[in-house]
Amino acid sequence: MKFKRTLAAAAALICFACGVSTAAADTAAVYVTVADGNLKLAQERIEVTDTDGDGKLTVNDALYAAHEAKYEGGAAAGYAFEETEYGLSLTKLWGVENGGSYGYYVNNASAMSLADEIKDGDYINAYVYTDTDTFSDVYTYFDVNSLSVRQNEEFTLTLQSAGYDAEWNPAVYPVENAEITVDGVKTGYKTDENGKVTLKIDEAKNCVISAVSDSAVLVPPVCMTEVSAADNGVSPGTLIAVVALAVLSACLIFLAVARLKKSYEK
Ligand SMILES: [Ca+2]
Numbered sequence: 003m004k005f006k007r008t009l010a011a012a013a014a015l016i017c018f019a020c021g022v023s024t025a026a027a028d029t030a031a032v033y034v035t036v037a038d039g040n041l042k043l044a045q046e047r048i049e050v051t052d053t054d055g056d057g058k059l060t061v062n063d064a065l066y067a068a069h070e071a072k073y074e075g076g077a078a079a080g081y082a083f084e085e086t087e088y089g090l091s092l093t094k095l096w097g098v099e100n101g102g103s104y105g106y107y108v109n110n111a112s113a114m115s116l117a118d119e120i121k122d123g124d125y126i127n128a129y130v131y132t133d134t135d136t137f138s139d140v141y142t143y144f145d146v147n148s149l150s151v152r153q154n155e156e157f158t159l160t161l162q163s164a165g166y167d168a169e170w171n172p173a174v175y176p177v178e179n180a181e182i183t184v185d186g187v188k189t190g191y192k193t194d195e196n197g198k199v200t201l202k203i204d205e206a207k208n209c210v211i212s213a214v215s216d217s218a219v220l221v222p223p224v225c226m227t228e229v230s231a232a233d234n235g236v237s238p239g240t241l242i243a244v245v246a247l248a249v250l251s252a253c254l255i256f257l258a259v260a261r262l263k264k265s266y267e268k
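Going letter by letter, the sequence shown gives residues 3 to 268 in my numbering.
Structure representation (structure tokens):
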């Protein structure tokens with residue numbers, strides 16, 4: 003009897019889990035970045051549904067939804083795709099038709115196809131090749147997608163590029179000598195030979211950190227950065243220490259007074 007009941011409970015749990023996972027697959031929220039040499043969208047949170055009706059949530063659905071939400075005139079004006087001999091292919095991105103020279107990555111890994119499946123929380127980056135002769139555009143990304151720092155606090159980012167090694171295996175390389183931009187403005191901070199750069203921002207604001215280079219065509223990387231106002235010198239740790247010290251002092255004084263009173267009474 004007990005076993006039966008346990009079995010029924012387990013079955014109900016499985017059904018519930020299935021129900022939940024089906025519901026989760028109907029929609030996903032992803033972060034979409036689009037560039038055409040310049041950033042057009044920077045990690046915009048986009049709700050994705052199965053707009054192309056293939057029963058899956060894919061890169062295609064995410065880019066379609068991003069245009070529908072953020073491109074003037076919607077997806078009808080700025081986005082197009084078609085089935086070609088290479089599979090599902092982009093023919094227009096952010097209003098640009100260039101004969102199919104686009105790139106797209108999911109979580110900084112090159113997507114095989116527009117039909118690649120995506121899931122909640124994924125980062126989808128798509129770009130228009132600006133060099134359609136030699137395709138020298140290099141996909142780059144920071145080691146973190148987002149960051150919270152304080153005003154004038156130093157922090158370090160690492161800029162990497164996604165490419166291929168001699169055997170055409172995916173490989174990651176440091177991006178040297180790239181200049182950091184904050185909200186599109188050059189800062190003078192440049193990455194070293196390891197792709198690292200240490201910088202600080204003197205204004206409290208939410209901003210987009212990216213990078214440009216004189217020596218390479220970078221697909222602009224994005225680090226969404228929240229810069230909070232510099233504190234007033236009292237950290238939570240200091241506050242706790244001060245309160246603890248005050249309590250301790252009060253106890254000692256109380257004890258001293260009590261002892262004094264006792265000796266006086268004697
Ligand atoms: Ca779909």
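Glycine included, each C-beta is placed from N, C-alpha and C at the ideal position.
Source: prediction; values computed, not measured.
- Within the segment 161-224, the complete beta strand (DSSP E) runs of at least 3 residues fall at 172-176, 181-184, 187-192, 198-201, 207-214.
- Looking at the DSSP output, PHE137 bridges to nothing.
- Proximity of the beta carbon of LYS58 to ligand 1 is indicated: a heavy atom of the ligand is located closer than 7 angstroms.
- In the structure shown, VAL151 falls within a strand segment according to DSSP collapsed to helix, strand and coil.
- CA-CA distance, ASP194 to TYR175, rounds to 12 angstroms.
- The closest heavy atom of ligand 1 lies less than 7 angstroms from the beta carbon of ASP54.
- Just measuring C-alpha positions, the residue of VAL187, LEU149, PRO223 sitting nearest GLN162 is PRO223.
- Annotation for ASP63 indicates a beta carbon within 7 angstroms of some heavy atom of ligand 1.
- The shortest CA-to-CA distance from TYR104 to any of TYR131, SER150, ASP28, GLU155 is the one to TYR131.
- The residues ARG152, GLN153, ASN154, in chain order, have a CB closer than 7 angstroms to that of ALA232 in the same chain once the five nearest residues on each side in sequence are set aside.
- Scanning ASP118, GLU156, LEU250 for the CA closest to the CA of GLU205 turns up GLU156.
- Here VAL50 is near ALA64, since their CB atoms are less than 8 angstroms apart.
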